[in-house]
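Asker: Just so you know, the protein sequences line up as chains A and B, in that order.
Each step along the first sequence adds one to the number in my numbering, with nothing skipped, and position 200 is 200.
Here my numbering runs 1000 ahead of the position in the second sequence, where the first position is 1.
Every residue gets a Cβ at the ideal spot worked out from N, C-alpha and C, and that includes glycine.
Fair warning: this is a prediction, and the values are worked out from it, not measured in the lab.
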Amino acid sequence: MKAVRILTRVLIYVLALAAVSVLLIAASGADPVSALGIFVNGIFGNKNSFCEIFVKGTPLILTGLACALAFRTGFFNIGTEGQFYIGAMAAAAVSLRCTFLPPVLRVVGAFIIGFLAGGLWSLIAAGMKLRFNISEIIVTIMLNYIAINFVGVAVHSFLQDPASGLPQSERLAAEVTLPRIVSGTRLHIGFFIALALVVLIWFILEKTTWGYEMRLVGLNPRAAEVNGISVAGGVVRAAMLSGGLAGLAGVIELMAIQKKLLEGFSADCGYTGVLIALLAANRPELVPVAALLYAAAQVGAAAMQRQANVPSSMVSILIGCIVIMLLARAWLSGRVSRRGKQRV
Amino acid sequence: MALLEMQDISISFFGSYANEHVNLSVEAGEIHALLGENGAGKTTLMNILYGIYRAESGRIFWQGQEVDFRAPQEAIRAGIGMVHQHFSLVNAKTVLDNILLGDEQVPFFLPRKKLRARVLELSERYGLKVDPDALVGDLSIGEKQRVEILKALYRDIRLLILDEPTAVLTPGETEQLFQVLKALKERGFAVILITHRMSEIMNNTDRITVLRGGKCVGTLKTAETDAAALSALMVGRELEVPSNTAFCDDSKEMLSLDHVSVFRSGRKRATIDDVTLSVHAGEILGIAGVEGNGQKELAEAIVGIRRRRVRGSIRVEDQDLTGTSVCVRAERGMAYVPDDRQHDALVPGMDIGENLLLRQYNHVPFSSGRVFHKKAIRKNAQDAVDTYNIRTVGSLGIHSPVRMLSGGNQQKIVLAREITPGARFIVASQPTRGLDISASAFVHEKLLEQKRLGKGVLLISADLEEILALSDRIAVMYNGRIAGVLSRAEATVEKIGLLMGGMTGEKEAVA
Chain A
1 MKAVRILTRV
11 LIYVLALAAV
21 SVLLIAASGA
31 DPVSALGIFV
41 NGIFGNKNSF
51 CEIFVKGTPL
61 ILTGLACALA
71 FRTGFFNIGT
81 EGQFYIGAMA
91 AAAVSLRCTF
101 LPPVLRVVGA
111 FIIGFLAGGL
121 WSLIAAGMKL
131 RFNISEIIVT
141 IMLNYIAINF
151 VGVAVHSFLQ
161 DPASGLPQSE
171 RLAAEVTLPR
181 IVSGTRLHIG
191 FFIALALVVL
201 IWFILEKTTW
211 GYEMRLVGLN
221 PRAAEVNGIS
231 VAGGVVRAAM
241 LSGGLAGLAG
251 VIELMAIQKK
261 LLEGFSADCG
271 YTGVLIALLA
281 ANRPELVPVA
291 ALLYAAAQVG
301 AAAMQRQANV
311 PSSMVSILIG
321 CIVIMLLARA
331 WLSGRVSRRG
341 KQRV
Chain B
1001 MALLEMQDIS
1011 ISFFGSYANE
1021 HVNLSVEAGE
1031 IHALLGENGA
1041 GKTTLMNILY
1051 GIYRAESGRI
1061 FWQGQEVDFR
1071 APQEAIRAGI
1081 GMVHQHFSLV
1091 NAKTVLDNIL
1101 LGDEQVPFFL
1111 PRKKLRARVL
1121 ELSERYGLKV
1131 DPDALVGDLS
1141 IGEKQRVEIL
1151 KALYRDIRLL
1161 ILDEPTAVLT
1171 PGETEQLFQV
1181 LKALKERGFA
1191 VILITHRMSE
1201 IMNNTDRITV
1211 LRGGKCVGTL
1221 KTAETDAAAL
1231 SALMVGRELE
1241 VPSNTAFCDD
1251 SKEMLSLDHV
1261 SVFRSGRKRA
1271 TIDDVTLSVH
1281 AGEILGIAGV
1291 EGNGQKELAE
1301 AIVGIRRRRV
1311 RGSIRVEDQD
1321 LTGTSVCVRA
1331 ERGMAYVPDD
1341 RQHDALVPGM
1351 DIGENLLLRQ
1361 YNHVPFSSGR
1371 VFHKKAIRKN
1381 AQDAVDTYNI
1391 RTVGSLGIHS
1401 PVRMLSGGNQ
1411 QKIVLAREIT
1421 PGARFIVASQ
1431 PTRGLDISAS
1441 AFVHEKLLEQ
1451 KRLGKGVLLI
1461 SADLEEILAL
1471 SDRIAVMYNG
1481 RIAGVLSRAE
1491 ATVEKIGLLM
1501 GGMTGEKEAV
1511 A
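1. I need the DSSP call for residue 260(A), collapsed to helix, strand or coil.
2. I want to verify the contact list: residues of chain B whose CB lies under 7 angstroms from the CB of residue 227(A), in sequence order.
3. What residues match up with residue 1032(B) in a beta bridge as DSSP calls it?
4. Using 8 angstroms as the cut-off, can you tell me whether the stretch 77-84 of chain A makes contact with the stretch 212-221 of chain A, which would need three or more C-beta pairs spanning the two stretches below that distance?
5. For residue 338(A), which residues of its own chain have a beta-carbon under 6 angstroms away from its beta-carbon, when the five flanking residues on both sides are left out?
6. Taking only three categories from DSSP, how would you classify residue 1252(B)?
7. Between the stretch 1365-1378 of chain B and chain A, which residues of the former have a C-beta closer than 9 angstroms to a C-beta of the latter?
8. Could you tell me the alpha carbon to alpha carbon distance between residue 1182(B) and residue 1217(B), rounded to whole angstroms?
9. Taking the beta carbon of residue 1109(B) as the centre, do at least 16 other beta carbons fall within 10 Å, making it buried, or is it exposed?
10. Check whether the stretch 230-245 of chain A and the stretch 318-330 of chain A touch, using three or more Cβ-Cβ pairs below 8 angstroms as the test.
11. What are the partner residues of residue 1065(B), as DSSP defines its beta bridges?
12. How many angstroms separate the CA atom of residue 1163(B) from the CA atom of residue 1085(B)?
13. Need the endpoints of the alpha helix (DSSP H) that residue 1336(B) sits in, please.
14. Assess, as a yes-or-no matter, whether the stretch 1148-1160 of chain B is touched by the stretch 1269-1286 of chain B under the definition of 3 or more beta carbon pairs within less than 8 angstroms.
15. In the DSSP assignment, find the unbroken alpha helix (DSSP H) run with residue 1158(B) in it and report its ends.
16. State the Cα-Cα distance for the pair residue 1405(B) and residue 1393(B), rounded to the nearest angstrom.
17. Within the chosen definition, does the stretch 242-262 of chain A reach the stretch 1370-1378 of chain B through at least 3 CB pairs nearer than 8 angstroms?
18. For residue 1500(B) and residue 1467(B), what's the separation of their Cα atoms in angstroms?
19. With 16 other CB atoms within 10 Å as the buried threshold, where does residue 336(A) fall?
20. I need the straight-line Cα distance from residue 1083(B) to residue 1048(B), nearest angstrom please.
21. Taking 8 angstroms as the threshold, find out whether the stretch 12-19 of chain A comes into contact with the stretch 260-269 of chain A through three or more Cβ pairs.
22. What does residue 222(A) touch in chain B if you count any residue whose Cβ is under 9 angstroms from its own?
23. If we ignore side chains and look at the alpha-carbon of each, how far apart do residue 1435(B) and residue 1142(B) end up?
24. Verify the CB distance criterion: does residue 1469(B) have a CB-CB separation below 8 angstroms to chain A?
25. Residue ranges of each beta strand (DSSP E) run of no fewer than 3 residues wholly in the stretch 1399-1486 of chain B, ordered along the chain?
26. According to DSSP, residue 1320(B) sits in a beta bridge with which residue or residues?
27. Using beta carbons (cut-off 8 angstroms, strictly below), is residue 1349(B) in contact with chain A?
28. Return helix, strand or coil for residue 3(A), following the three-state DSSP convention.
29. Quick check on residue 1297(B): does DSSP put it in helix, strand or coil?
30. Does chain B have any CB closer than 8 angstroms to the CB of residue 47(A)?
31. Between residue 1287(B) and chain A, is there a C-beta pair that is closer than 8 angstroms?
32. Please list the terminal residues of the continuous beta strand (DSSP E) segment that includes residue 1026(B).
33. Between the Cα of residue 1430(B) and those of 1131(B), 1168(B) and 1019(B), spot the shortest distance and give me the residue it belongs to.
34. Taking CB distances under 8 angstroms as the criterion, tell me whether residue 1272(B) reaches chain A.
35. Starting from the C-beta of residue 1172(B), find all residues in its chain whose C-beta is less than 7 angstroms away, skip the five residues before and the five after it, and write them out in chain order.
36. Confirm, please, whether the CB-CB distance from residue 1237(B) to residue 1219(B) is below 8 angstroms.
The following block contains the structure:
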């Protein structure tokens, strides 16, 4: 009975999405069947495009993880975009300007400093929340603008490549970039670092007293207070970890893909993290699934744009529809359970 | 012809019936009690009548016409008013504005003077004394309730439904409320009273419909029945009422408060003003009083949730706990059953096992270092579910989220967590609020068991029947002070009622 209901619901979703995509493709003047063929072929067609899913998915896994962790622990971090930039900038500073260190130390240092920089950046919002009771949602969004434009300033000044004169840093030396693992593709070890972090965060949240305290503060700060558990401790920890993860996303993107710091460097990875967390129901173990599906859709859409001239923004429209459907479902089931509870 | 006739009403949630073929018939000019335990389906039935839920089967006749309300507005328009347990008033607005709010008859440009006169006239006629120009936020709970009733009467209703109206009132206010209801009855109104307080039913109603497990188990004339028969009908079996018999050991002080005062930031007057109390081994000290007279602050000062702006000293047995943290006090044997289960005591989104951990999660055997031991946690949860007979949700077992459990089962989780062998002193605040008779009896038995074990219990309750049934001594709080302390022998509802209203008794305000 229940299985049938879920199945019908999924079927309705799929049909609705199919209808919307066919309409959109037709509207852009292409043949829906061949365009969808290109979409699928664009994902699975060759080694390079298939590996590209993981390349595009890696920063999304990390920012999605950052948001999922934050939302689970009641720290509504919408500032992953800014933390991404700050992390990348810190990593660029370490790997480009600390040339007195051996390359290995510069890589390790970039990771550590990038994590701390992202964490401290979101800690500003945590501090305002705890001290002045200002919504961290507003503060983290505002900090995004500051961070993004601060990176803009940096690539015009202290991190600018003096040789080129363009608003970007010099290229990272080969010995401070992350190694690739499949030749002929851009797939790099950052993907596995991201997966390892997923496991680590899942372990912390579910299996440790640390994570318990954080979840408790997120779900019911008043109960934490009544039982003598520090609310501030939980919030600070959540902000630091969440911001740090978003920072690491920036570090990895810099050291494996872009290899230099420039404006517009994130391609909205931080904002997309909010969406990934939503798709993964804030569960760390589901974040890679959501992130990779999202990345695959983007890779396929890029192929469709190249070969069938269907704008890749179509995928963004579809994802918007999916998110609204998911939210509507949560709202509907929330309504049902509220009704169930009122039965007194 | 009855004013209201509900026939064969059924509704189910998640496959189980909340109302199953229920019949209810209410005449004009009667006070009709709807009696039943929590989950018996009283509120659901009224919500169906009021247009909040829709019945799956059954018919409703109102003044002889078949009706099917789809929203409360339709019920109100037809002449049915309801005062919910939780008031729906706007604190920042005046009484008059609240009464006019949502009234569809009010013209766009308010003829305030005329409407004000009408409200005054209504309040005069039914003895609902309240100042129409006062801010609702400044009113007492009893006055707010009067505003709710006025709001209903203003809409020309013929039937008034009251959901647990006396749960929050003092004895005096309760008495006033029933006078109002009697006046309404004499003028031909019908009143449906949802309650589980036996004495109120016996003294004030004409007929009683009893619900049990979603089914209607009978409609009786109040004059032809008695409290014992009613509770047997309601619970479905004879219920033993736990009572306090054992004596306490006066020589050993379990808790002593010495000149404790609590201040609020930015306010000069103390919320708790110079309270000196002691509770002995094997003693239950009841704290009576209208809510909001400092009981919560007192409990929180004792347990350690409030530490700043607290003066005086707090000892448990021979340990001075003044200024120590919640965790230290808990380790030294302080247990706390908070009044607000959903916010203070439990984390509704977590499961039973995780809620039971709240005090102990940092300790062996539940965790070592910072890593949890799943097995110990699961065993602990299963043990609690078994010993306390906690009803879990279907196949979820110990992984049932606490928010899906009934109030009684939630309270059992709190008790299982707080009342441990290591607990020396228990602060229980409104421990049976919102619980039905069987669950309340269980909580009372548990507190009495702790007394027999020689522990100390501070029982804070707004329910006088509860205080009188369990306490060895009774302290009454008024305005942050102990207005008087009575031994059980000398305590009567009248004496306590006077102290609750601020009339100081002959006794010295020190226990």
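Answerer: Short version:
1. The residue given as residue 260(A) occupies position 260 in the first sequence. Coil, per DSSP.
2. Taking the first sequence and counting its residues from 1, one reaches residue 227(A) at position 227. Within chain B, the residues near residue 227(A) are 1326, 1358 and 1359.
3. Here residue 1032(B) refers to the residue found at position 32 when the second sequence is read from its first residue. In the DSSP output, where bridge partners are listed per residue, residue 1032(B) has 1192(B) and 1207(B).
4. Taking 8 angstroms as the limit for Cβ pairs, the verdict is that the stretch 212-221 of chain A does not touch the stretch 77-84 of chain A.
5. On the first sequence, residue 338(A) is found 338 positions in, with the first residue counted as 1. Note on residue 338(A): pLDDT 42, under 50, position unreliable in the model; the coordinate value appears next. Same-chain partners within the cutoff: there are none.
6. Position 252 of the second sequence, counted from the first residue, corresponds to residue 1252(B). Shown here, residue 1252(B) sits in a strand according to DSSP, grouped into three states.
7. The residues in question are 1366, 1367, 1369, 1370, 1371, 1372 and 1374.
8. To locate residue 1182(B), count along the second sequence from 1; it is residue 182. To locate residue 1217(B), count along the second sequence from 1; it is residue 217. Between the C-alpha atoms of residue 1182(B) and residue 1217(B) there is a straight-line separation of about 26 angstroms.
9. The count along the second sequence starts at 1 and reaches residue 1109(B) at position 109. Counting of Cβ neighbours within 10 angstroms places residue 1109(B) among the exposed residues, the total staying below 16.
10. In this structure the stretch 230-245 of chain A does not touch the stretch 318-330 of chain A; the number of beta carbon pairs closer than 8 angstroms is below three.
11. On the second sequence, position 65 is the one that residue 1065(B) refers to. Residue pairing of residue 1065(B) in beta bridges, as defined by DSSP: 1062(B).
12. Taking the first residue of the second sequence as 1, we reach residue 1163(B) at position 163. Taking the first residue of the second sequence as 1, we reach residue 1085(B) at position 85. Cα-Cα distance, rounded: 5 angstroms.
13. Your numbering for residue 1336(B) matches position 336 in the second sequence. Element bounds for residue 1336(B): not the alpha helix (DSSP H) but the beta strand (DSSP E), 1334-1337.
14. In short, these stretches do not touch, since the Cβ pair count stays below three.
15. Taking the first residue of the second sequence as 1, we reach residue 1158(B) at position 158. Premise fails: residue 1158(B) is in no alpha helix (DSSP H) and is neither H nor E.
16. Translated into positions along the second sequence, residue 1405(B) becomes position 405. Translated into positions along the second sequence, residue 1393(B) becomes position 393. So the two alpha carbons sit approximately 7 angstroms from each other.
17. The stretch 242-262 of chain A makes no contact with the stretch 1370-1378 of chain B, as fewer than three CB pairs between them are under 8 angstroms.
18. For the purposes of this step, residue 1500(B) is taken as the residue at position 500 of the second sequence. For the purposes of this step, residue 1467(B) is taken as the residue at position 467 of the second sequence. Rounded to whole angstroms, residue 1500(B) and residue 1467(B) show a C-alpha spacing of 13 angstroms.
19. By one-based count along the first sequence, residue 336(A) stands at place 336. In this predicted model, residue 336(A) has a pLDDT of only 45, less than 50, meaning its place in the structure is not dependable enough to derive any value.
20. As a first step, residue 1083(B) is located in the second sequence; it is residue number 83 there, counting from the start. As a first step, residue 1048(B) is located in the second sequence; it is residue number 48 there, counting from the start. Going from the Cα of residue 1083(B) to the Cα of residue 1048(B) covers about 15 angstroms.
21. By the C-beta criterion, the stretch 12-19 of chain A is judged not to be in contact with the stretch 260-269 of chain A, since fewer than 3 inter-stretch pairs fall below 8 angstroms.
22. As a position in the first sequence, residue 222(A) is number 222, starting the count at 1. In chain order: 1340, 1343 and 1344.
23. On the second sequence, position 435 is the one that residue 1435(B) refers to. On the second sequence, position 142 is the one that residue 1142(B) refers to. Approximately 22 angstroms between the Cα atoms of the pair.
24. In the second sequence, counting from the first residue as 1, residue 1469(B) sits at position 469. With its beta carbon at least 8 angstroms from every one in chain A, residue 1469(B) lies outside the interface.
25. If we require 3 residues or more, the beta strand (DSSP E) runs fully inside the stretch 1399-1486 of chain B come out as 1425-1429, 1456-1460 and 1473-1478.
26. As a first step, residue 1320(B) is located in the second sequence; it is residue number 320 there, counting from the start. DSSP, once it has assigned bridges, lists 1315(B) as partnering residue 1320(B).
27. Along the second sequence, read from residue 1 onward, the residue named residue 1349(B) stands at position 349. Closer than 8 angstroms: yes.
28. Here the question's residue 3(A) lines up with position 3 in the first sequence. Helix.
29. For the purposes of this step, residue 1297(B) is identified with residue 297 of the second sequence, where counting begins at 1. In this structure, residue 1297(B) counts as helix in the three-state DSSP scheme.
30. The sequence position of residue 47(A) within the first sequence is 47, counting from 1. Answer no: the Cβ-Cβ gap between residue 47(A) and chain B never drops below 8 angstroms.
31. Start at 1 with the first residue of the second sequence, and residue 1287(B) comes out as number 287. By this cut-off, residue 1287(B) is not an interface position.
32. As a working mapping, residue 1026(B) is identified with position 26 in the second sequence. Judged by DSSP secondary structure, residue 1026(B) falls within the beta strand (DSSP E) whose first and last residues are 1016-1026.
33. Your numbering for residue 1430(B) matches position 430 in the second sequence. If we check each option's Cα against that of residue 1430(B), 1168(B) comes out closest.
34. Numbered from 1 along the second sequence, position 272 holds the residue referred to as residue 1272(B). Chain A contact via Cβ: absent.
35. Reading the second sequence from its first residue, position 172 is the one you call residue 1172(B). Exclusion of the five residues before and after residue 1172(B) leaves 1497 and 1501 as the residues of its chain whose Cβ lies within less than 7 angstroms of its Cβ.
36. Here residue 1219(B) corresponds to residue number 219 of the second sequence, with the count starting at 1. Here residue 1237(B) corresponds to residue number 237 of the second sequence, with the count starting at 1. Not a contact, by the Cβ cut-off of 8 angstroms.
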